[in-house]
Amino acid sequence: MIRVVALATLQFTSGGLFDGRPADKRIHLVRMTDSGTPGPTICGIDRFDKNGPGWSVGGGISGPGIEAMACPGCEAVAQRDYSAAPVWGSTFADLFRKHRKAPHSVRNLPVVATEGQWA
Ligand SMILES: [Zn+2]
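Take 149 as the starting number for the sequence shown in the working numbering and just add one per residue.
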């Protein structure tokens with residue numbers, strides 16, 4: 149059972165530490181509990197697939213020439229299932245304008261959803 153208190157931004161990346169690039173311009177969301185970010189993106193991408201790209205939760209690659217947009221699938225699920233959830237992330241939380249921004253520490257946030265998967 150997980151207790152969701154917020155959603156966190158997630159950017160898929162390719163390349164390594166010094167030549168990393170966004171995999172595409174979409175910024176996804178993952179469920180956030182007070183102890184981690186279990187499960188796939190809320191639009192359903194399994195980020196733990198060992199053949200999949202790397203990813204960054206909360207931060208990521210931004211700056212001149214880097215395009216970023218809210219994933220429409222994640223945005224729709226966030227509004228449908230997690231409308232009360234704030235969005236956590238230092239780099240891309242502002243892309244999700246229908247949600248308020250989460251504080252850096254999510255330990256004292258109210259639970260917005262309780263789910264049985266990804267325990
Ligand atoms: Zn998504």
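Every residue, glycine too, gets a C-beta built ideally from N, C-alpha and C.
These numbers come from a predicted model, not from an experiment.
*Count the other CB atoms, across all protein chains shown, that sit within 10 Å of the CB of R245; report buried if there are 16 or more and exposed otherwise.*
exposed
*In the structure shown, what three-state DSSP assignment does V205 receive?*
strand
*asked:* Based on DSSP bridge pairs, tell me the residues matched to I190.
replied: DSSP, once it has assigned bridges, lists no residue as partnering I190.
*Whose C-beta lies closer than 7 angstroms to the C-beta of T181 among residues of the same chain, with five residues either side of it excluded?*
I150, R151, V152, V153
*Contact set for T161: own chain, Cβ-Cβ below 8 angstroms, skip 5 residues either direction*: G168, R169, P170, A171, P201, G202, W203, S204, G208, I209
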